[in-house]
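Its first residue numbered 306, the sequence shown is counted upward by one per residue in the working numbering. Even glycine gets a Cβ: it sits at the ideal position worked out from N, Cα and C. On a predicted model such as this, the values are computed, not experimentally measured, just so you know.
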Amino acid sequence: MLRAHERGEAEAEDSRSSWVALNHERVRRASTELLRHREGLTADDEADEWLNDLGELLDEPVSPTCEAGIITHLRFAVEEIDRVAEEVDEMPARTPEARVALKTVRRLIGGYRRRNDP
């Protein structure tokens, strides 16, 4: 029999997996759009590395592991873009297209993160 915290962890994982299964096409489209406008993002080498790795993941076939990896890379790329933008006192996205792409990604990441809430 599972303990309460184990049950909660299993339910959270099921919720995240379900979300990924339902939203993987939207996440892939948003990721592709973000990469298309990456020159308009305030990034450093670390953010570029996350974005490069994201591009490689998008070339892989759809699988639960790959889709979870895409979300993870998006989260870390956005966190790094935000950190750099704050550090250099610039907007995270400097072009209208990059702003739209980043906003879309943020909404998707927010939906995924809510699956982690108790």
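Asked                                                                                   : Found
Candidates V383, D349, A373 and E361, of which the one nearest L327 by Cα               : A373
Residue interval of the alpha helix (DSSP H) (run including H378)                       : P369 to V393
Per-residue DSSP class, three states only, for V405                                     : helix
Proximity below 7 Å, CB of T409 to CB of A335                                           : yes
The ligand FMN heavy atom lying under 6 Å from the CB of V410                           : The ligand FMN is absent from the structure shown, which contains no ligands of any kind.
Environment of R265 [buried if 16+ CB atoms lie within 10 Å]                            : Residue numbering for the chain in the displayed model covers 306 to 423; residue 265 lies beyond these limits and cannot be assessed.
Buried or exposed by the 16-neighbour rule on C-beta atoms within 10 Å, applied to P401 : exposed
Straight-line Cα distance separating L363 from S323                                     : 19 Å
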